[in-house]
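Numbering (my numbering), first residue to last: 551 to 1051. Every residue gets a Cβ at the ideal spot worked out from N, C-alpha and C, and that includes glycine. Here the structure is laid out as structure tokens; the discussion comes afterwards.
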């Protein structure tokens, strides 16, 4: 069937309608005459389809394909504002924009030109400030009467700017003002976003522990039902060697003190490199602690399981065996050590970094255990000569289970951070409905439609729409859509804005 709605069957029926009546002029599909007329009808249908294509497709600049170059030649394309492009869809869009340039340069016409470049923009005319205006209206003077702003989302580019400047009336000044249209709240408050809250408020941190955020501090909330790594700084952030990472510490033993050498990433896993060197006096253990005494609660009888990626990078000295242990210490409410549990995790054999973690599984059975501390320590005997570099990669400690966290949660998920915000278990930015918290985005004055993606502990990625959000002198203040409030949403994940006026 052609565009005009006529096919081979239609032309065959037309030819047969011209035949005389009688037995000598059969209409039967298998008749020789019918087959002859069918061949003629097929040629007529092809010719008709071609004619229809030229008249209904190639004559339309929005649809043209074969005659695209002819259209471009007629309108002087490519030109300085529109360098040559190879994609035909883009070429047609540029052609349409160039055709529209011939119209009177009104704001709707300019908006159409911009749309031809695949950009969604809005245009605002300015006027001077008068005594009758609101105090928040910008203090524009008389020259602003000849200025107009074009707002388009950041990331869509300003490919249209040249064409707009070419068509703009000579006495006016177009101002190009890209705005951030997509705000992601998985990776912190982006520049231009601010949060105000008069007092402190609770939230769950990246270790699943209930915390309190001070006034005006954003709360990136985590699902408390998930298992977490309670090591505060497994990424080994800090000022750098030789100062141990933040929250980490070392303890000398038998005259040997671990020295922090460097840090890096191997196979996607952060690691730190340490050196144990010297001759042991015996009776002690040099220790590298990566779990300070301010960690998660571990009550009496709680299971504690830790995992660590570990490698002996260099082994020398006079010894044949070095006993490395993953240390887990219980501390009572008074701060007294009540249990010190360790399990051998390596000896003199070189351990490949990517071959899997060593595991420490202990039940914290000592009385009144309220904290856990973990680390690496090395056993030794008097006279043993140490000459060892070791790499420690992303330690984990899980409370409440003897199953290592890395058996259920991929280590890549535990390692992932965006702008230093861990992503495992993150629900979003916690913003209470109402006026107790104000989340504001720096946006040009105007009216916006909004699409917010919200997440809960059970559901991620629920979208809610709202219209006619106004941005004034202080930016655009986020307000939960009514449907989101009804659904009990409190976590903002992404926030998309479209300027409509």
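At a Cβ-Cβ threshold of 9 Å, residue 926 and residue 840 count as neighbours. Residue 704 sits in coil when the DSSP states are folded into three classes, being neither helix nor strand.
Looking at the backbone, the Cα of residue 635 and that of residue 716 are separated by about 20 Å. Leaving aside the five residues that flank residue 677 on each side, the residues in its chain whose CB is nearer than 8 Å to its CB run, in chain order, 690, 694 and 695. In terms of CA proximity to residue 878, 855 leads the group 860, 779 and 855.
The criterion of a C-beta distance shorter than 9 Å is satisfied by residue 1002 and residue 1015.
Within the same chain, and ignoring the five residues on either side of residue 974 in sequence, the residues whose Cβ sits closer than 6 Å to its Cβ are 963 and 964. With at least 16 other beta carbons inside 10 angstroms of its own, residue 824 counts as buried. Taking 8 Å as the upper bound for CB-CB distance, residue 971 and residue 944 are not in contact here, some 17 Å apart. Contiguous beta strand (DSSP E) elements confined to the region 794-827 occur at 799-801 and 809-816, taking only those with 3 or more residues.
Per DSSP, reduced to three states, the secondary structure at residue 1043 is strand. Counting only runs of 3+ residues, no beta strand (DSSP E) is found wholly inside the region 566-602. For residue 653, the number of other beta carbons within 10 angstroms of its own is below 16, and it is reported as exposed. If you keep only unbroken beta strand (DSSP E) runs of at least 3 residues inside the region 601-681, you get 672-675. One alpha carbon belongs to residue 838, the other to residue 751, and they sit about 35 Å apart. Bounds of the alpha helix (DSSP H) holding residue 963 are 961-965.
Contact between the region 797-806 and the region 773-788 is established, with three or more Cβ pairs separated by less than 8 Å.
Take residue 562, set aside five residues on each side of it, and the residues of its chain with a beta-carbon closer than 7 Å to its own are 587, 588 and 591, in chain order. By the C-beta criterion, the region 603-619 is judged to be in contact with the region 635-651, since at least 3 inter-stretch pairs fall below 8 Å.
DSSP, read as helix, strand or coil, puts residue 752 in strand. Here the alpha carbons of residue 1026 and residue 671 stand approximately 18 Å from one another. Around residue 658, the same chain offers no residue with a beta carbon nearer than 6 Å, after the five sequence neighbours per side are excluded. Excluding the 5 residues flanking it on each side, residue 787 has same chain C-beta neighbours closer than 7 Å at 795 and 796, in chain order.
Look at residue 693 here: in three-state DSSP terms it is helix. It is roughly 12 Å from the alpha-carbon of residue 700 to the alpha-carbon of residue 718. Counting along the chain, the unbroken beta strand (DSSP E) around residue 727 starts and ends at 723-729. When only Cα atoms are considered, residue 709 and residue 621 end up about 21 Å apart. Along the region 954-1040, the beta strand (DSSP E) occurs as fully enclosed runs of 3 or more residues at 976-980, 988-991, 996-1005 and 1010-1021, listed in sequence order. Rounded to the nearest whole angstrom, the CA to CA distance from residue 558 to residue 596 is 8 Å. Bounds of the alpha helix (DSSP H) holding residue 716 are 711-717. Exclusion of the five residues before and after residue 792 leaves 809, 810 and 811 as the residues of its chain whose Cβ lies within less than 8 Å of its Cβ.
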